[in-house]
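S.K.: For the sequence shown, our numbering assigns the number 1 to the initial residue and increments by one for each residue that follows.
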Amino acid sequence: MNLIVNSKEEFKIELIEGEILSTNGRVKMMGMEIPPYPKLLHLSTLNKKMIAQKKINGYNVRLTYLPKLNNFIAVLRGGYVCAKTTFMLRKHFSDLFMNFFKENQRKILCMEVLGKKSLANLHTDYYKEQYGFEDVGYFIFDIMDMEKPEDERFIPFERVEKICKKYNLQLIPTIGVFDGMEDLNKKLQEIPSVFEGAVVKSLDGREIMKYRFDSRPEIFINKIPTREKRQKPPEEIVVTHFFQGYEEAELGLDSGITQEEMDKYQQMLDEMGKVIAKNKSKISEQSDKIVAFLMKSINEHGTFEEDMLKEIEKLFKQKIGYQVGRFLRMKDRQFL
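1) Just to confirm, does D254 get its C-beta within under 7 Å of one of the non-hydrogen atoms of the ligand MN?
2) Distance, Cα to Cα, P217 vs L69?
3) Name the residue from L251, L184, L122 and Y126 whose alpha carbon lies nearest to the alpha carbon of Q53.
4) Would you call the CB atoms of E161 and L171 closer than 8 Å?
5) Between the stretch 99-118 and the stretch 126-146, do three or more beta carbon pairs fall short of 8 Å?
6) Over what stretch of residues does the alpha helix (DSSP H) that includes M295 continue unbroken?
7) Can you tell me where the alpha helix (DSSP H) holding N60 begins and where it ends?
8) Between the beta-carbon of E313 and the beta-carbon of M295, is there less than 8 Å?
9) Using C-beta distances below 6 Å, list every residue in its chain close to T124, excluding the 5 sequence neighbours before and after it, in chain order.
10) So, at 8 Å on beta carbons, what are the nonlocal neighbours of G256 in its own chain, with the 5 sequence-adjacent residues on each side left out?
11) I need the boundaries of the alpha helix (DSSP H) containing D204, first residue and last residue.
12) Can you tell me whether E236 is helix, strand or coil according to DSSP?
13) Taking the Cβ atom as the reference point for each residue, do P34 and V81 lie within a distance shorter than 8 Å?
14) Note down, one range per segment and in chain order, each alpha helix (DSSP H) of at least 4 residues found wholly within the stretch 77-137.
15) Any idea if K280 is buried or exposed, counting beta-carbon neighbours within 10 angstroms, 16 or more meaning buried?
16) Looking at the structure shown, is F139 part of a helix, part of a strand, or coil, going by DSSP?
17) Could you work out which residue in V238, E152 and R26 is closest to E207 when comparing CA atoms only?
18) Following the continuous alpha helix (DSSP H) through E182, name the residue where it begins and the one where it ends.
19) Would L269 and Q323 qualify as a contact pair, given that the criterion is a beta-carbon distance under 8 Å?
20) Can you give the Cα-Cα distance for G252 and V291, rounded to whole angstroms?
21) If contacts are defined as beta-carbon pairs under 8 Å, then L89 and Y138 qualify, I think. What distance do you get, rounded to the angstrom?
22) Pull the bridge partners of F178 from the DSSP assignment, please.
23) If you draw a straight line from the C-alpha of P149 to the C-alpha of I155, how long is it?
24) Within a Cβ cutoff of 7 Å, which residues of the same chain sit near M209, ignoring the five residues on either side of it in sequence?
25) Along the alpha helix (DSSP H) that carries E158, what are the first and last residues, could you check?
26) So the beta strand (DSSP E) I219 belongs to, where does it begin and stop?
27) Look up E19 in the DSSP assignment and say whether it is helix, strand or coil.
28) Inspect the beta-carbon positions of P36 and G25 and report whether they are closer than 8 Å.
29) How should I221 be labelled, buried or exposed, when 16 other C-beta atoms within 10 angstroms of its C-beta is the threshold for buried?
30) Who are the Cβ neighbours of K49 in its own chain at under 8 Å, not counting the five residues just before and after it?
31) Within the same chain, show all residues whose beta-carbon is closer than 8 Å to that of C164, passing over the 5 residues directly before and after it, in chain order.
32) For my contact list, V61 and V27 are in at a C-beta cut-off of 8 Å; report their separation, rounded to the angstrom.
33) If we count the other Cβ atoms within 10 Å of its Cβ and call it buried at 16 or more, is A198 buried or exposed?
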């Protein structure tokens with residue numbers, strides 16, 4: 001399967017053949033399996049020392065070196081290779097990144113990409129003024145070591161910091177180390193609203209959570225763009241917060257989805273991919289199983305009126321329908 005997207009003539013790169021292994025972005029290309037970047041749950045409490053980094057409003061890229069190409073590629077969250085991003089990063093930072101990959105072929109640079117000619121051209125004046133980024137820029141927030149077992153691949157922050165300094169790579173801005181929500185909230189009030197909030201990590205890099213301004217509008221109302229302040233229907237708020245992993249007590253949601261439940265949900269989605277590949281007549285049956293699992297889970301995390309549950313179920317069905325459509329496109333469509 002051709003995994004190239006955004007490959008207009010002006011952004012032509014090598015043809016990359018491979019296979020997307022799961023909906024969370026695990027992909028195999030040119031014989032190399034590239035693990036996904038995990039879906040982040042939302043931070044609700046903080047009771048040990050963790051590092052907070054600014055959450056950039058860009059897009060997630062795993063910059064990966066392919067020995068058969070002797071070059072790097074930009075892998076998007078879903079597993080496709082973005083020709084435009086790959087082309088732009090090679091054009092502006094090839095020597096910088098190749099200097100790193102020359103000595104670290106089995107490491108993956110996890111970064112946020114932004115800039116005027118990128119897929120995320122927001123706040124470009126700010127990033128040009130503060131960091132010198134114009135057409136394209138990047139911030140490294142994690143490094144994966146492919147020599148390690150998958151649950152140990154994220155390099156601890158101190159090492160990431162040293163690596164970025166050694167190779168002159170742009171590290172994502174750090175807010176500080178915190179062990180309580182009050183101090184974190186206070187510090188977040190000081191950062192510009194061009195950022196989305198914070199990503200909070202354990203010191204060893206194994207726990208990673210997000211903490212967005214829009215998740216706590218009662219605290220960060222002045223940080224939320226006007227377009228995001230619109231009032232959503234209550235069922236949409238509940239479902240969004242459920243998947244983000246935190247509560248919405250006023251609407252009956254006592255807690256969000258757990259990591260174990262998220263893993264089970266992802267497993268069921270992967271099974272859906274196999275169903276679509278082998279027997280499309282069972283799509284409806286598998287969809288019903290996933291919706292039933294989600295309804296059981298959300299009922300265990302809160303108490304809702306019957307009418308609210310009906311609306312929540314509709315949203316779950318829409319979400320699974322979207323995933324089915326995505327699977328079908330992955331199976332049947334060749335990207336140009």
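Cβ coordinates follow ideal geometry from the N, Cα and C atoms, glycine included. None of the values given here were measured: they were computed from a predicted structure.
M.R.: The short version:
1) Questions concerning the ligand MN fall outside what the structure shown contains, since it holds no ligand whatsoever.
2) In the sequence shown, counting from the first residue as 1, residue 217 sits at position 217. In the sequence shown, counting from the first residue as 1, residue 69 sits at position 69. As the crow flies, the alpha-carbon of P217 is around 47 Å from that of L69.
3) Counted from its first residue, the sequence shown places residue 53 at position 53. Answer by Cα proximity: L184.
4) Looking up residue 161 in the sequence shown gives position 161. Looking up residue 171 in the sequence shown gives position 171. Closer than 8 Å, so yes.
5) Counting C-beta pairs closer than 8 Å gives three or more between the stretch 99-118 and the stretch 126-146, which meets the contact rule.
6) Your numbering for residue 295 matches position 295 in the sequence shown. Note, M295: alpha helix (DSSP H), I283 to E300.
7) By 1-based counting over the sequence shown, the position of residue 60 is 60. Looking at the DSSP string, N60 is not in any alpha helix (DSSP H); the run it does join, the beta strand (DSSP E), is Y59 to L66.
8) For the purposes of this step, residue 313 is taken as the residue at position 313 of the sequence shown. For the purposes of this step, residue 295 is taken as the residue at position 295 of the sequence shown. Yes, these two residues count as a Cβ contact at 8 Å.
9) Your numbering for residue 124 matches position 124 in the sequence shown. Setting aside the 5 residues that flank it on each side, T124 is surrounded in the same chain by K116, each with a C-beta closer than 6 Å to its C-beta; the list follows chain order.
10) Here residue 256 is taken as the residue at index 256 of the sequence shown, counted from 1. Excluding residues within five positions, the ones whose Cβ falls inside 8 Å are L41, H42, S44, H241, F242, F243, Q244, G245, Y246, E247 and H301.
11) Here residue 204 refers to the residue found at position 204 of the sequence shown. Counted as a single uninterrupted DSSP element, the stretch harbouring D204 is not any alpha helix (DSSP H), since DSSP gives it neither H nor E.
12) Position 236 of the sequence shown, counted from the start, is the residue given in the question as residue 236. It is helical.
13) Residue 34 sits at position 34 when you count from the first residue of the sequence shown. Residue 81 sits at position 81 when you count from the first residue of the sequence shown. Here residue 34 is Ile; the residue named in the question, Pro, does not match the sequence. For I34 and V81, no; Cβs fall outside 8 Å.
14) For the stretch 77-137, whole alpha helix (DSSP H) runs of length 4 or above, ordered along the chain, are 83-103 and 124-131.
15) The residue given as residue 280 occupies position 280 in the sequence shown. By the C-beta density criterion, K280 is exposed, having fewer than 16 other C-beta atoms within 10 angstroms.
16) In the sequence shown, residue 139 corresponds to position 139, counting from 1. Looking at F139 - three-state DSSP - the assignment turns out to be strand.
17) In the sequence shown, residue 207 corresponds to position 207, counting from 1. When the alpha-carbon of E207 is set against those of V238, E152 and R26, the nearest one is in E152.
18) As a first step, residue 182 must be located in the sequence shown, where it is residue number 182. Residues M181 to L188.
19) Locating residue 269 in the sequence shown gives position 269, where the first residue counts as 1. Locating residue 323 in the sequence shown gives position 323, where the first residue counts as 1. A Cβ-Cβ contact shorter than 8 Å links L269 with Q323.
20) As a working note, residue 252 is residue 252 in the sequence shown. As a working note, residue 291 is residue 291 in the sequence shown. Rounded to the nearest angstrom, the two C-alpha atoms are 19 Å apart.
21) As a position in the sequence shown, residue 89 is number 89, starting the count at 1. As a position in the sequence shown, residue 138 is number 138, starting the count at 1. Between the beta-carbon of L89 and that of Y138 there is about 7 Å, and that keeps the pair under the 8 Å contact cut.
22) Walking along the sequence shown from the start, residue 178 turns up at place 178. DSSP lists M50 as the bridge partner or partners of F178.
23) The count along the sequence shown starts at 1 and reaches residue 149 at position 149. The count along the sequence shown starts at 1 and reaches residue 155 at position 155. Approximately 12 Å between the Cα atoms of the pair.
24) For this step, residue 209 is matched to residue 209 along the sequence shown. Closer than 7 Å at the Cβ level, and outside the excluded window around M209, lie L40, L41, H42, L43 and V200.
25) As a position in the sequence shown, residue 158 is number 158, starting the count at 1. E158 -> alpha helix (DSSP H) spans F157 to Y167.
26) What you label residue 219 is simply residue 219 of the sequence shown in a count that begins at 1. Per DSSP, I219 belongs to no beta strand (DSSP E); it is in the alpha helix (DSSP H), P217 to F220.
27) Against the sequence shown, residue 19 aligns to sequence position 19. E19 falls in the strand class under three-state DSSP.
28) Counting from 1 along the sequence shown, the entry for residue 36 is found at position 36. Counting from 1 along the sequence shown, the entry for residue 25 is found at position 25. The answer is yes: Cβ separation under 8 Å.
29) What you label residue 221 is simply residue 221 of the sequence shown in a count that begins at 1. The residue is exposed, with fewer than 16 neighbouring Cβ atoms inside 10 Å.
30) Here residue 49 corresponds to residue number 49 of the sequence shown, with the count starting at 1. If we look at K49 and ignore the five residues flanking it on each side, its Cβ neighbours are V177, F178, D179 and L203.
31) In the sequence shown, residue 164 corresponds to position 164, counting from 1. Apart from the 5 residues on each side of it in sequence, C164 sits with its Cβ closer than 8 Å to the Cβ of I140, Q170 and L171 in its chain, given in chain order.
32) Counted from its first residue, the sequence shown places residue 61 at position 61. Counted from its first residue, the sequence shown places residue 27 at position 27. Actually they do not touch by this definition, with Cβ atoms about 13 Å apart.
33) If you number the sequence shown from 1, residue 198 lands on position 198. Counting every other CB atom within 10 Å of its CB across the protein chains shown gives A198 a total of 16 or more, marking it as buried.
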